[in-house]
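In UniProt numbering, the protein residues as written are 1 to 143. Just below is one structure, and these are the notes that go with it.
Encoded structure:
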């Protein structure tokens with residue numbers, strides 16, 4: 001899910017040379033997360049024939065988009081004035097968004113696990129068994 005923030009035209013013209021195509025990616029980043037955890041995340045997020053869809057990434061981004069946009073609006077002028085750098089801003093945003101995704105993984109309870117799954121893993125949290133998938137959520141600046 002892409003996140004876009006509106007910035008005034010004059011500010012945007014000044015910011016574009018600084019920002020370019022730089023973005024922060026959040027989730028189970030390829031090369032950073034174990035492929036087994038990436039597979040688990042994909043199966044759970046999008047669902048399979050036997051696993052219902054549990055879109056934790058989409059939920060986290062949708063629930064926090066306004067906060068991310070407001071944060072970026074507030075720091076745009078600071079970047080232009082040289083009071084902070086794009087790398088610092090994106091690192092803070094990435095850390096916040098990764099924490100939001102982890103919180104969503106912890107909080108998501110619907111659809112619930114099947115009774116047989118609860119018995120097998122000893123927990124009713126649909127997205128947490130060992131915690132490895134949640135702990136694999138991170139962020140990365142992509143230039």
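Don't be surprised by glycine CBs; every beta carbon is placed ideally from N, CA and C. Just so we're clear, the structure is a prediction, and the values are computed from it rather than from any experiment.
In its chain, beyond the 5 residues on either side, 56, 59, 60 have a beta carbon closer than 6 Å to the beta carbon of residue 104. Taking 8 Å as the cut-off, the Cβ atoms of residue 137 and residue 92 do not count as close.
Taken through DSSP and simplified to helix, strand or coil, residue 99 comes out as helix.
In this structure, DSSP gives residue 75 a helical state, which the three-state scheme calls helix. Assigned with DSSP and collapsed to three states, residue 137 falls in coil, not helix or strand. Contact between the region 114-132 and the region 61-73 is not established, with fewer than three Cβ pairs separated by less than 8 Å. In this structure residue 26 is in contact with residue 97, their Cβ atoms being roughly 4 Å apart against a cut-off of 8 Å.
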